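**Student:** One structure, as structure tokens, below. Some questions next.
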Amino acid sequence: MKLTPSILEMDFSEAQQRICRFIKEYVENAGTKGIVLGLSGGIDSATIASLSSLAIGGDNVLALMLPEKENFNQKDIDDAKVVADKFKLKTQICDISSVLEDFYKAIPVFDPSDRLCKGNIKARTRMINLYYYGNKLNRIVCGSSDKSETMMGYFTKWGDAAADIMPIMDLYKTQVRKLAVHLGIPEELALKPSTPALWPNQTAENELGIKYETLDLILCGLERFMATEEIANQLSIHNSIVEKVKVRWLANEHKRRMPIAPKIGYRTVGNDFRLPRHTY
Amino acid sequence: MKDKIKLALAQISSKRENKEANLQKIETLTLKAKEQGADLAIFPEMTLTGYVVRDQFYELAETIPGPTVEKVEALAKKTGIHVIFGMPELSEKTRATVFNTAVFVGPKGLIGKYRKMYLPTHSVFEEKRYFRPGYQTAAFQTELGNIGLCICYDIFFPEVLRLTRLKGAQLIVCISASPALRRSYFETLTCARAIENTVYLAYVNLAGVQDGLQFWGGSRLVSPTGDVLAKAKYDEEDFVTCEVDYNDLRMAETFIPTLKDLRPELFDKLKECSELL
Numbered sequence: 000m001k002l003t004p005s006i007l008e009m010d011f012s013e014a015q016q017r018i019c020r021f022i023k024e025y026v027e028n029a030g031t032k033g034i035v036l037g038l039s040g041g042i043d044s045a046t047i048a049s050l051s052s053l054a055i056g057g058d059n060v061l062a063l064m065l066p067e068k069e070n071f072n073q074k075d076i077d078d079a080k081v082v083a084d085k086f087k088l089k090t091q092i093c094d095i096s097s098v099l100e101d102f103y104k105a106i107p108v109f110d111p112s113d114r115l116c117k118g119n120i121k122a123r124t125r126m127i128n129l130y131y132y133g134n135k136l137n138r139i140v141c142g143s144s145d146k147s148e149t150m151m152g153y154f155t156k157w158g159d160a161a162a163d164i165m166p167i168m169d170l171y172k173t174q175v176r177k178l179a180v181h182l183g184i185p186e187e188l189a190l191k192p193s194t195p196a197l198w199p200n201q202t203a204e205n206e207l208g209i210k211y212e213t214l215d216l217i218l219c220g221l222e223r224f225m226a227t228e229e230i231a232n233q234l235s236i237h238n239s240i241v242e243k244v245k246v247r248w249l250a251n252e253h254k255r256r257m258p259i260a261p262k263i264g265y266r267t268v269g270n271d272f273r274l275p276r277h278t279y
Numbered sequence: 000m001k002d003k004i005k006l007a008l009a010q011i012s013s014k015r016e017n018k019e020a021n022l023q024k025i026e027t028l029t030l031k032a033k034e035q036g037a038d039l040a041i042f043p044e045m046t047l048t049g050y051v052v053r054d055q056f057y058e059l060a061e062t063i064p065g066p067t068v069e070k071v072e073a074l075a076k077k078t079g080i081h082v083i084f085g086m087p088e089l090s091e092k093t094r095a096t097v098f099n100t101a102v103f104v105g106p107k108g109l110i111g112k113y114r115k116m117y118l119p120t121h122s123v124f125e126e127k128r129y130f131r132p133g134y135q136t137a138a139f140q141t142e143l144g145n146i147g148l149c150i151c152y153d154i155f156f157p158e159v160l161r162l163t164r165l166k167g168a169q170l171i172v173c174i175s176a177s178p179a180l181r182r183s184y185f186e187t188l189t190c191a192r193a194i195e196n197t198v199y200l201a202y203v204n205l206a207g208v209q210d211g212l213q214f215w216g217g218s219r220l221v222s223p224t225g226d227v228l229a230k231a232k233y234d235e236e237d238f239v240t241c242e243v244d245y246n247d248l249r250m251a252e253t254f255i256p257t258l259k260d261l262r263p264e265l266f267d268k269l270k271e272c273s274e275l276l
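Sequences listed follow chains A and B, in order. Counted the way numbering that gives the first Met the number 0 counts, the first sequence spans residues 0 to 279. Counted the way numbering that gives the first Met the number 0 counts, the second sequence spans residues 0 to 276.
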């Protein structure tokens, strides 16, 4: 197998059609009134917002914009509005600054210098807002995780990873960018650096320490059972880079699964309790 | 026996765990098949229960004959149409031994059944966890000709369809629940199996999404020389009628004489080598 960018090429019309059908069938079978999603102004949320609109109509998609003081970026809000206008989404702005402040104050051991723990509160607060609207309006929450982030564990447990459906979770970031352009999302937005927006000036590629173009090919090789040496050889990179990705890829399986329980009963949730997942 | 028969490829999306709704679909489309002059209506693998039902297979499985088959027998009798469909079959001798089975019913009752021989247990498939494999190929002499049955992954194994053909099948029906990523394999293999056996091959796949899996539809009738004579839509439910003309078998068998040229001694070698793999 040749590990070149062409391996990540796909028929984006077909991908769009398949994802839209998945969204539409899920919403219909669940008997809900539509979708609520967080619209950050980034590429992943723009992509799920447009796919949701194409699947069930913009009237049935509520896009929450959830800004906060520390990370406020007018450009992100403007980009989110461009997407909302283009795909005729319903929008609502909920400023979460005061909630966050109250959270920080309510935690006796709160340490403002620990930006990861603090940032995770932001991701989980966004989730609480999304699920409030989901509950209240009888809508499902649509998540925006992509495959690169998911496989690297680059997300907040019970934060941005909490959702009812994840329409782009089987697409790597570089594929999401191409799908976004195919959907008509402005190229400038599709190519802007990704960030989970947990603290100012945070970017995914800086934190992961690798460009998505390389990361996605490594992940694709691991997905297809290739040995690390073979991946490194084909990409002309040092084996330690691939090893580092693989360690993270393996170590984060706990974030991708149900919480583990000791096996005591006849059939155990998350283990050998294997029931079909229904939407009703 | 008829020289020509008309098939109805009933490419449906099954409702999971809802036998009543699926039986209703079988009835509606069998009536539609009758209206359109078809002799045989074919439904996908696990039509009765849906494909992704996991541990619920134990609860949903039924014996053959059993309540569902009796209902389909009554439908076949009422309409005069033959019906092939898929369901989880419970062994009559045990309480939790289940097979992935294709059932063949005619206006005079149950004609026969085929238990899937090759159970995929890789990627998204977990069939060996739930099913016991079948041990017999199936070809049934009927008023519609000699019709053989196989199920989905069986088509990757040329020996299954070869044996079915050697038992006399002139039309092999393959019912399937194939997810989208596998489309190109099935599009190739349906033609290959038809050509190498000079046999009509009717492939009927599920459509729709079950637990995130998109079944790609694309049901088809392939001629003994590999021409796709009829094809249903990709991904969505569809209903297509098409004609099998058994007179074409003679032309096919003279032009592609694979059956005349068979070398039985190679099958011994095949057995020997596969045991040593």
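Ideal placement from N, C-alpha and C gives every residue a C-beta, glycine not left out. In this text the structure is predicted, and so the values were computed from the model without any measurement.
1) Output, in chain order, the set of chain B residues within a Cβ distance shorter than 9 Å of isoleucine 275/A.
2) What does alanine 17/A reach in chain B if we use C-beta pairs closer than 8 Å?
3) Does any C-beta atom of chain B lie closer than 7 Å to the C-beta of phenylalanine 21/A?
4) Residue range of the alpha helix (DSSP H) that proline 263/B falls in?
5) Closest by CA to methionine 314/A, which one among Tyr153/A, His181/A, Val180/A and Leu182/A?
6) Should tyrosine 152/B go down as buried or exposed, given a rule of 16 or more other Cβ atoms within 10 Å for buried?
7) Return the CA-CA distance between glutamate 48/A and valine 159/B, expressed in angstroms with no decimal places.
8) Report the neighbours of glutamate 24/A on chain B: residues whose CB is nearer than 8 Å to its CB, in chain order.
9) Quick check on DSSP: helix, strand or coil for alanine 54/A?
10) When the Cα atoms are used, what is the spatial distance from threonine 202/A to alanine 189/A?
11) In chain order, which continuous runs of the alpha helix (DSSP H) of length 4 or greater are located wholly inside the stretch 140 to 178 of chain A?
12) Pair every Cβ in the stretch 235 to 245 of chain B with every Cβ in the stretch 51 to 61 of chain A, then say whether three or more of these pairs are closer than 8 Å.
13) Take isoleucine 184/A as the anchor and find which of Glu24/A, Ala79/A and Gly37/A has the nearest alpha-carbon.
14) With a cut-off of 8 Å on the beta carbons, I'd call glycine 167/B and asparagine 145/B a contact; round off their distance for me.
15) Could you tell me whether the Cβ atoms of threonine 46/B and asparagine 21/B are closer together than 7 Å?
16) What are the boundary residues of the alpha helix (DSSP H) that includes glutamine 233/A?
17) Cα separation between isoleucine 127/A and lysine 117/A?
18) Kindly give me the distance between the Cβ atoms of glutamate 69/A and proline 199/A, rounded to whole angstroms, as I take these residues to be in contact under 8 Å.
19) To the nearest whole angstrom, what separates the beta carbons of aspartate 210/B and arginine 20/A, a pair I think is in contact under 8 Å?
20) Exposed or buried, which one is tyrosine 131/A when buried takes at least 16 other CB atoms within 10 Å?
21) Is it the case that the CB of lysine 23/A approaches a heavy atom of the ligand FAD more closely than 6 Å?
22) Roughly how many angstroms separate the alpha carbons of lysine 210/A and valine 175/A, rounded to a whole number?
23) Please tell me whether alanine 206/B and serine 12/B are closer than 7 Å, where the distance is taken between their beta carbons.
24) Here's the rule I'm using: 16 or more other beta-carbon atoms within 10 Å means buried, otherwise exposed. How should isoleucine 259/A be labelled?
25) Candidates Glu236/B, Trp215/B and Arg219/B: which alpha carbon is nearest alanine 14/A's?
26) Enumerate in chain order the residues of its own chain whose CB-to-CB distance from lysine 89/A is below 6 Å, with the five nearest sequence positions on each side excluded.
27) Name the residue from Leu50/A, Pro4/A and Thr3/A whose alpha carbon lies nearest to the alpha carbon of arginine 17/A.
28) Taking C-beta to C-beta, are arginine 114/B and threonine 136/B nearer than 7 Å?
**Tutor:** Looking at the coordinates:
1) According to the sequence provided, residue 275/A is proline. The question's isoleucine does not apply to it. What proline 275/A touches in chain B: Arg15, Glu16, Gly49, Val51, Val52, Arg53, Asp54, Gln55, Gln209 and Asp210.
2) Note on residue identity: the sequence assigns arginine, not alanine, to residue 17/A. Those are Ala179, Gln213 and Asp234, listed as they occur along chain B.
3) With 7 Å as the cut-off, phenylalanine 21/A counts as an interface residue toward chain B.
4) Proline 263/B -> alpha helix (DSSP H) spans 263 to 274.
5) Look at the range of chain A in this structure, 0 to 279, and you will see that residue 314/A is not part of it.
6) Tyrosine 152/B should be labelled buried.
7) The sequence as given places alanine at residue 48/A; glutamate does not occur at that position. Rounded to whole angstroms, alanine 48/A to valine 159/B spans 47 Å at the Cα level.
8) The answer, in chain order, is Gly207 and Val208.
9) In the three-state DSSP reduction, alanine 54/A falls in the helix class (H, G or I).
10) Rounded to whole angstroms, the separation of the alpha carbons of alanine 189/A and threonine 202/A is 15 Å.
11) Listed in chain order, they are 146 to 151.
12) By the Cβ rule, the stretch 235 to 245 of chain B does not count as touching the stretch 51 to 61 of chain A, because fewer than three pairs are nearer than 8 Å.
13) Nearest C-alpha to isoleucine 184/A: Ala79/A.
14) The distance from the Cβ of glycine 167/B to that of asparagine 145/B is about 4 Å, consistent with a contact at the 8 Å cut-off.
15) Taking a C-beta distance under 7 Å as the contact criterion, threonine 46/B and asparagine 21/B qualify as a contact pair.
16) According to the DSSP assignment, glutamine 233/A belongs to the alpha helix (DSSP H) that extends over 227 to 234.
17) Whole-angstrom Cα-Cα distance: 16 Å.
18) Separation of the CB atoms of glutamate 69/A and proline 199/A is rounded to 7 Å, and the pair is thereby assigned contact status at 8 Å.
19) Your pair aspartate 210/B and arginine 20/A does not check out as a contact, with CB atoms roughly 14 Å apart and the cut at 8 Å.
20) Answer is exposed; the Cβ neighbour count stays below 16.
21) The model on display carries no ligand, and the ligand FAD is accordingly not part of it.
22) The C-alpha of valine 175/A is placed about 15 Å away from the C-alpha of lysine 210/A.
23) With a cutoff of 7 Å on beta-carbon distance, alanine 206/B and serine 12/B are scored as near each other.
24) Answer is exposed; the Cβ neighbour count stays below 16.
25) Checked all of Glu236/B, Trp215/B and Arg219/B; the closest Cα to alanine 14/A is Trp215/B.
26) Counting only Cβ-Cβ distances below 6 Å, and skipping sequence neighbours, we find Leu61.
27) In terms of Cα proximity to arginine 17/A, the closest of Leu50/A, Pro4/A and Thr3/A is Leu50/A.
28) Contact: no.
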